[in-house]
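Asks: Protein chains in written order, with my numbering: chain A, 105 to 303; chain B, 105 to 303.
Note that beta-carbon positions come from the ideal geometry of N, C-alpha and C, so glycine has one too.
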């Protein structure tokens with residue numbers, strides 16, 4: 105398979121490809137690093153990337169930053185910026201990439217545990233994760249040409265645990281392997297419309 | 105209680121207040137009708153409404169239009185417009201209204217069945233509903249001064265069934281009474297961080 109992993113150079117992106125079987129052509133896209141550069145929030149940049157790459161079998165989105173902060177101090181602009189970054193970035197990859205994915209191909213999005221498991225300062229991230237989960241569920245039933253779509257919903261990734269120190273008290277960090285298997289299930293399996301939880 | 109129902113003149117808004125116990129002061133806000141007018145997507149308009157009304161015990165948000173259309177024909181702008189209308193409209197009411205709600209008061213948001221039960225052309229609505237559900241779950245744990253927040257998630261409302269004719273095959277319309285009880289549970293009960301499903 106020809107697999108594009110957007111955000112493929114980050115911690116989740118690295119985990120995402122770690123359990124795929126051998127023989128795939130994997131293209132890593134990043135903001136500044138990777139095989140090809142893209143700004144997922146910029147429609148023109150996303151479309152240009154797809155035009156350059158030609159046909160793909162799988163697109164994996166491991167991108168997005170949401171706003172972390174106490175809900176009582178959060179402003180509408182901060183909230184909307186989170187939606188634009190984490191939700192619209194991934195949605196752009198789907199809506200603008202649909203025509204570039206082969207029949208029977210797949211999209212795999214990345215949400216997160218906060219959609220159902222709250223932490224302090226995480227209400228914007230929660231909303232973003234919930235939007236991505238439900239979009240995958242909602243879109244799957246009408247994707248054209250047998251294209252599948254799922255969301256992988258990881259807990260606190262081991263590789264990122266230090267960066268989020270103090271935010272996730274009592275959360276057992278999830279191994280890269282565990283997360284890798286979830287992406288492999290979506291990319292190489294046959295499921296669609298699923299939220300694949302890894303906790 | 106002093107209860108503000110935004111979108112209170114619509115079908116869901118009418119159902120929302122139908123099972124509340126007597127003796128509340130209910131203020132209906134609408135785009136063009138109701139006791140007070142507000143554009144929930146406009147921060148200044150939302151802030152002006154709250155400033156006029158003074159302190160409240162409960163805010164109920166029954167607002168929002170998402171984009172309906174096949175996912176294969178959906179553009180990023182249509183998708184973002186849905187998020188701005190249905191998600192940010194309700195989020196604005198919470199973030200800008202927090203300081204105007206009395207200690208121990210509540211917010212009740214309105215999502216919908218599409219966050220977990222897909223229909224054709226409903227993927228944007230699904231994402232909006234999922235965002236609202238997860239925001240209520242995420243925000244509840246850190247709302248200040250004992251303020252509660254829940255999301256009511258109704259199925260196809262009996263009163264709106266004709267308007268959505270053909271979109272919800274096989275969905276059993278939900279009575280106004282059933283939906284009214286869900287809002288009463290959130291407004292008059294003690295629960296917080298819940299998605300109250302009515303199907």
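Could you give the residue range of the alpha helix (DSSP H) that holds residue 292 (chain A)?
Replies: 280-292
Asks: At 3 residues or longer, what runs of the beta strand (DSSP E) sit wholly inside the segment 116-157 of chain A?
Replies: 129-134
Asks: Going along the segment 185-201 of chain A in order, which residues come within less than 9 Å of chain B, judged by CB to CB distance?
Replies: 187, 188, 191, 192, 195, 196, 198, 199 and 200
Asks: Please report how far the alpha carbon of residue 261 (chain B) lies from the alpha carbon of residue 279 (chain B), in whole angstroms.
Replies: 6 Å
Asks: Is the segment 138-145 of chain A touching the segment 106-119 of chain B, taking contact as three or more C-beta pairs under 8 Å?
Replies: no
Asks: At a Cβ cut of 8 Å, what residues of the segment 233-251 of chain B count as close to chain A, listed as they run along the chain?
Replies: 233, 234, 235, 236, 237, 238, 239, 241, 242, 243, 244, 245, 246, 247 and 248
Asks: Could you name the residues of chain B that residue 220 (chain A) contacts, counting a contact when the two beta carbons are closer than 8 Å?
Replies: 238 and 241
Asks: Mind reading off the beta-carbon distance from residue 253 (chain B) to residue 296 (chain B)? Whole number of angstroms is fine, and I expect it under 8 Å.
Replies: 6 Å
Asks: Looking at C-alpha atoms only, which residue of A:234, A:212, A:204 and A:207 is the closest neighbour of residue 170 (chain A)?
Replies: Per the Cα distances, A:234.
Asks: Going along the chain, which unbroken runs of the beta strand (DSSP E) with 3 or more residues stay wholly within the segment 170-205 of chain B?
Replies: none
Asks: Based on the DSSP output, what are the partners of residue 254 (chain B) in its beta bridges?
Replies: Answer is B:212, bridged to residue 254 (chain B).
Asks: Starting from residue 107 (chain B), trace the beta strand (DSSP E) in both directions and tell me its first and last residue.
Replies: 106-110
Asks: Just the Cα atoms here: how many angstroms apart are residue 257 (chain A) and residue 298 (chain A)?
Replies: 10 Å
Asks: On the three-state DSSP scale, how would you describe residue 304 (chain B)?
Replies: Residue 304 (chain B) lies beyond the stretch modelled for chain B, which goes from 105 to 303, so this question has no answer here.
Asks: Taking only three categories from DSSP, how would you classify residue 162 (chain A)?
Replies: DSSP places residue 162 (chain A) in the strand class (E or B) of the three-state scheme.
Asks: How far does the alpha helix (DSSP H) with residue 230 (chain B) in it extend, from its first residue to its last?
Replies: 227-244
Asks: In chain order, what residues of the segment 166-178 of chain B put their CB closer than 7 Å to some CB of chain A?
Replies: 174, 175, 176 and 178
Asks: Around the C-beta of residue 194 (chain B), are 16 or more other C-beta atoms found within 10 angstroms, so that it is buried, or is it exposed?
Replies: Answer is buried; the Cβ neighbour count reaches 16.
Asks: Determine, using beta carbons only, whether residue 297 (chain B) comes closer than 8 Å to chain A.
Replies: yes
Asks: Please state if the CB of residue 277 (chain B) and the CB of residue 265 (chain B) are separated by a distance shorter than 8 Å.
Replies: If you check the CB distance, residue 265 (chain B) and residue 277 (chain B) come in under 8 Å.
Asks: Nearest CA to the CA of residue 286 (chain B): which residue from B:275, B:271, B:302 and B:294?
Replies: Checking every option, the nearest Cα to that of residue 286 (chain B) belongs to B:302.
Asks: Which residues, in order along the segment 131-164 of chain A, keep a beta-carbon less than 8 Å from a beta-carbon of chain B?
Replies: 147
Asks: Is residue 191 (chain B) closer than 8 Å to residue 232 (chain B) when the C-beta atoms are compared?
Replies: yes
Asks: Any beta carbon from chain B within less than 8 Å of residue 227 (chain A)'s own beta carbon?
Replies: yes
Asks: Under the assumption that residue 284 (chain B) contacts residue 165 (chain B) (Cβ atoms under 8 Å), give the Cβ distance between them as a whole number of angstroms.
Replies: Residue 284 (chain B) to residue 165 (chain B), Cβ: 16 Å. No contact.
Asks: Is the shortest distance between the beta-carbon of residue 231 (chain B) and the beta-carbons of chain A less than 8 Å?
Replies: yes
Asks: Classify residue 129 (chain A): buried if its beta carbon has 16 or more other beta carbons within 10 angstroms, exposed otherwise.
Replies: exposed
Asks: Assign residue 207 (chain A) to one of two classes, buried (16 or more other C-beta atoms within 10 Å of its C-beta) or exposed (fewer than that).
Replies: exposed
Asks: For the candidate residues B:148, B:172, B:124 and B:222, whose alpha-carbon lies nearest to that of residue 324 (chain B)?
Replies: Since the first residue shown for chain B is 105 and the last is 303, residue 324 (chain B) is missing from the structure and cannot be characterised.
Asks: Name the residues in the segment 257-275 of chain A whose C-beta lies less than 9 Å from a C-beta of chain B; which are they?
Replies: none
Asks: Applying a beta-carbon distance threshold of less than 8 Å, which residues of chain B neighbour residue 183 (chain A)?
Replies: 192, 195 and 199
Asks: In the structure shown, what three-state DSSP assignment does residue 260 (chain B) receive?
Replies: coil
Asks: Report the option in A:222, A:229, A:210 and A:188 whose CA atom is closest to the CA atom of residue 289 (chain A).
Replies: A:210
Asks: Starting from the C-beta of residue 291 (chain B), find all residues in its chain whose C-beta is less than 8 Å away, skip the five residues before and the five after it, and write them out in chain order.
Replies: 105, 107, 124, 162, 164, 210 and 212.
Asks: Nearest chain B C-beta to residue 224 (chain A) closer than 8 Å, yes or no?
Replies: yes
Asks: Could you name the residues of chain B that residue 180 (chain A) contacts, counting a contact when the two beta carbons are closer than 8 Å?
Replies: 147, 192, 195, 196, 199 and 200
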